[in-house]
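Chemist: Below you will find the structure I want to go over with you.
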Amino acid sequence: MRNVRIGAGAGFSGDRIEPAVDLAARGDLDFLVFECLAERTIALAQLARLSDPAAGYDPLLERRMRAVLPVTAKTGTKILTNMGAANPVAAARRTADIAAGLGLTGLKIAAVTGDDVLSHIDDCVLDETGAPAHRLGERLVSANAYIGVAGLVEALALGADVVICGRASDPALFLAPLVHTFGWAMDDFERLGRGTLVGHLLECGAQVTGGYFADPGIKDVPDLAHIGFPLAEVAETGNATITKLPGTGGLVSRATATEQLLYEIHDPARYLQPDVVADFSGVRLDEVGPDRVAVSGGQGHAPTGAFKVSVGYRDGWLGEGQISYAGANAVARGRLAIDVVAARLKDLAGEITEERGALIGLDSVRPTFSRNAPGEVRMRYAARCASQDAAARVAEEVESLYLCGPMGGGGVSRTVREIVAIASTLISREHVRPAVQLFEVADAPA
Amino acid sequence: MRLHDIAHGRTGDKGEVSNISVIAYRAEDWPLIERDVTPERVARQLALGDNADVSIYRLPQLGALNIVLRGALKGGVTRSLALDPHGKCLAGILLEMELPPHR
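Residue numbers (the numbering used here), protein chains in the order written: chain A, 787 to 1232; chain Z, 11 to 113.
Next comes the structure, spelled out in structure tokens:
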């Protein structure tokens, strides 16, 4: 059997679109995956859906589908994506409308549901708080399980050209087409582990082709402005080669692949996934040509039987203000500004759960003070508050430094937003029931 | 010598857990990294405090460490008040670590 060619068309919701279209047009791809859902995004999407039942899917869904569908419909490339977020069915309907408008009659679009487990998590204990989910009461917004390949594989078996889900584990979006094409058994844990490894290397898009890698003079990346998105050529054994299109910027090397291999994992021997516990501890990465890295040695073991769940809940309001100080004694003036805001906010003590003042350029990221005073600093004050009013006060106190604070502050910015926090818990797999709904594109209305 | 002279790395995050890879450019530097990048030095470099929960996993065939810092991102990305709530900048700070002189 020939290799399966899978491309990554996005590593996050805000990712560039044009490298994905290029990959679809020139990559000779069997599958193109758009991974667009972050921990926090799904809770925000759930909030959007609460106020509008037709909303709750990825804000860029429409632009992406318009750009890529005419190309993939021609090449026969199938699309898998989690752009359904909190509302895969609405996303699939919308995509079918877009396809109809583009004249792509006959295209089949599947919505995969089953990740929403809000009605089953009341007694689940949250990792972060140690309390059962029902204690959150009215504040509880969402609970989405990271589903595995089951629903996605079913959709592909039904002949779907586009598969849209909500919360699936990121590697599952890449593993599903491999399971579908090669007919891997769901207890062939070695292959499932290797397919997961391929997915993990591709899931962050350009992070394996030289994105998020450049360190000038030490780790130079050619033409970073026109970086190409990655694709994998996967063999039936699950071993693969990671590469990118000729003529695109970026690079694929042992170093870029190693950084991505270890990205956002804990124990490399136990990468917990819904369908497999993947084992990356013996992985080999070999440069086999320009921008070509061969990946082998992935392993896997039986999954734990529990699915990870992201629980979204309302957690107050964030108020934030910033102001800059420059020149002689700038650091001391910045410090005084922090002290002034802290003193002014004393009367809100009962409403503020946590607050933090820092000087950007001095100690806002770095945990220890820099020894050399910079020529300019930006004072930032942020607080988590119980109410929107209190959060607004935090921002106002920074703004009022214009006339009542230290000498020479400039360029105030302010932010007030609601916080939707995410906690994690586990749910037993019998509560997660994936289902598929298929939409076929009819002739466009005249 | 700084770690940055012989290694590269990237930070990732899951909830309150941060992980930082440290990868040798050259195989001959791997023993040095394996020996000198200890949980204690990592905790000190990142000012994590005395009770820091630091685990280090080794992948010698890749010349790479995966350093896992549990609880390092207080509140996690969704509720942290930090300017860099993902902790994405931590790899840069870790690579600034001075390595003890060769003996």
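The C-beta atom is built at its ideal place from N, Cα and C for all residues, glycine as well.
This structure is a prediction, so every number in the text was calculated from the model and none was measured.
(1) Checking the sheet assignment: what are the DSSP bridge partners for Asn930/A?
(2) Report the three-state DSSP secondary structure of Pro1032/A (helix, strand or coil).
(3) What did DSSP end up calling Gln1223/A once you bin it into helix, strand or coil?
(4) For Arg788/A, count the other beta carbons within 10 Å of its own beta carbon; 16 or more makes it buried, fewer makes it exposed. Which is it?
(5) Are the Cβ atoms of Leu104/Z and Leu56/Z separated by less than 8 Å?
(6) Expressed to the nearest angstrom, what Euclidean distance is found between the alpha-carbon atoms of Tyr35/Z and Ser1039/A?
(7) Run down chain Z in chain order and give the residues with a C-beta less than 8 Å from the C-beta of Leu1134/A.
(8) Let's see if you can read the secondary structure: which residues bound the alpha helix (DSSP H) around Lys864/A?
(9) What does Tyr998/A reach in chain Z if we use C-beta pairs closer than 8 Å?
(10) When we look at the beta-carbon of Arg89/Z and count the other beta-carbons within 10 Å, is it buried (16 or more) or exposed?
(11) Which ranges would you report for the beta strand (DSSP E) in the stretch 799-880 of chain A if only whole runs of at least 3 residues count?
(12) I want to see whether chain Z comes within less than 8 Å of Leu823/A, judged by CB atoms only; does it?
(13) Between Ile907/A and chain Z, is the shortest Cβ-Cβ distance under 8 Å, so that the two count as touching?
(14) Would you kindly work out how many angstroms separate the C-alpha atoms of Glu1226/A and Ile828/A, rounded to a whole number?
(15) Residues in its own chain within less than 6 Å of Leu815/A by CB, not counting five upstream and five downstream?
(16) Could you please give me the residues that DSSP links to Ser65/Z through a beta bridge?
(17) So that I know if they touch, is there some Cβ in chain A lying closer than 8 Å to that of Arg89/Z?
(18) Where Ile66/Z and Asn76/Z are concerned, what is the direct C-alpha to C-alpha distance, given to the nearest angstrom?
(19) For Asp1061/A, which option in Gly934/A, Leu942/A, Ile865/A has the closest C-alpha, if you only look at C-alpha atoms?
(20) Is the stretch 1122-1136 of chain A touching the stretch 1001-1018 of chain A in the sense that three or more CB pairs, one from each, lie closer than 8 Å?
(21) Taking the alpha helix (DSSP H) that Thr995/A belongs to, which residues open and close that run?
(22) Would a C-beta distance cut-off of 8 Å place Val1097/A and Leu912/A closer than the cut-off?
Modeler: So, from the listed chains and residues:
(1) Working through the first sequence from its first residue, we reach residue 930/A at position 144. BP columns for Asn930/A point to Asp902/A, Ser1096/A.
(2) Your numbering for residue 1032/A matches position 246 in the first sequence. When secondary structure is reduced to three states using DSSP, Pro1032/A falls in the coil class, being assigned neither helix nor strand.
(3) As a position in the first sequence, residue 1223/A is number 437, starting the count at 1. If DSSP states are grouped into helix, strand and coil, Gln1223/A belongs with the strands.
(4) For the purposes of this step, residue 788/A is taken as residue 2 along the first sequence, with counting starting at 1. Looking at its Cβ environment, which holds fewer than 16 other Cβ atoms inside 10 Å, Arg788/A is exposed.
(5) What you label residue 104/Z is simply residue 94 of the second sequence in a count that begins at 1. What you label residue 56/Z is simply residue 46 of the second sequence in a count that begins at 1. Result yes, Cβ atoms of Leu104/Z and Leu56/Z sit closer than 8 Å.
(6) Against the second sequence, residue 35/Z aligns to sequence position 25. Against the first sequence, residue 1039/A aligns to sequence position 253. Roughly 12 Å separates the two Cα atoms.
(7) Residue 1134/A sits at position 348 when you count from the first residue of the first sequence. Within chain Z, no residue comes near Leu1134/A; the closest Cβ sits about 15 Å away, beyond 8 Å.
(8) Here residue 864/A corresponds to residue number 78 of the first sequence, with the count starting at 1. First-last for Lys864/A: 864-867, but that is the beta strand (DSSP E), not the alpha helix (DSSP H).
(9) As a working note, residue 998/A is residue 212 in the first sequence. By Cβ distance, chain Z contributes Arg20.
(10) Counting from one through the second sequence, the residue named residue 89/Z turns up at place 79. That one is buried.
(11) Runs found: 817-820, 864-867.
(12) Sequence index remark: in the first sequence, residue 823/A carries index 37 (1-based). No - not a single Cβ of chain Z is within 8 Å of the one on Leu823/A.
(13) By 1-based counting over the first sequence, the position of residue 907/A is 121. It does not; no Cβ of chain Z falls within 8 Å.
(14) Counting from 1 along the first sequence, the entry for residue 1226/A is found at position 440. Counting from 1 along the first sequence, the entry for residue 828/A is found at position 42. Taking the straight line joining both Cα atoms gives about 26 Å.
(15) The residue given as residue 815/A occupies position 29 in the first sequence. Excluding positions up to five away in sequence, the list reads Arg791, Gly793, Thr863.
(16) Here residue 65/Z refers to the residue found at position 55 when the second sequence is read from its first residue. Answer is Val78/Z, bridged to Ser65/Z.
(17) Taking the first residue of the second sequence as 1, we reach residue 89/Z at position 79. At least one CB atom of chain A sits nearer than 8 Å to the CB of Arg89/Z.
(18) Within the second sequence, the letter at position 56 stands for residue 66/Z. Within the second sequence, the letter at position 66 stands for residue 76/Z. Straight-line Cα distance between these residues: approximately 6 Å.
(19) One-based indexing of the first sequence puts residue 1061/A at position 275. Of the candidates Gly934/A, Leu942/A, Ile865/A, the one whose C-alpha sits nearest the C-alpha of Asp1061/A is Gly934/A.
(20) Fewer than three pairs of CB atoms, one per stretch, sit closer than 8 Å, so the stretch 1001-1018 of chain A makes no contact with the stretch 1122-1136 of chain A.
(21) Residue mapping note: residue 995/A aligns to position 209 of the first sequence, counting from 1. Per DSSP, Thr995/A belongs to no alpha helix (DSSP H) and is neither H nor E.
(22) Residue 1097/A sits at position 311 when you count from the first residue of the first sequence. Residue 912/A sits at position 126 when you count from the first residue of the first sequence. Result yes, Cβ atoms of Val1097/A and Leu912/A sit closer than 8 Å.
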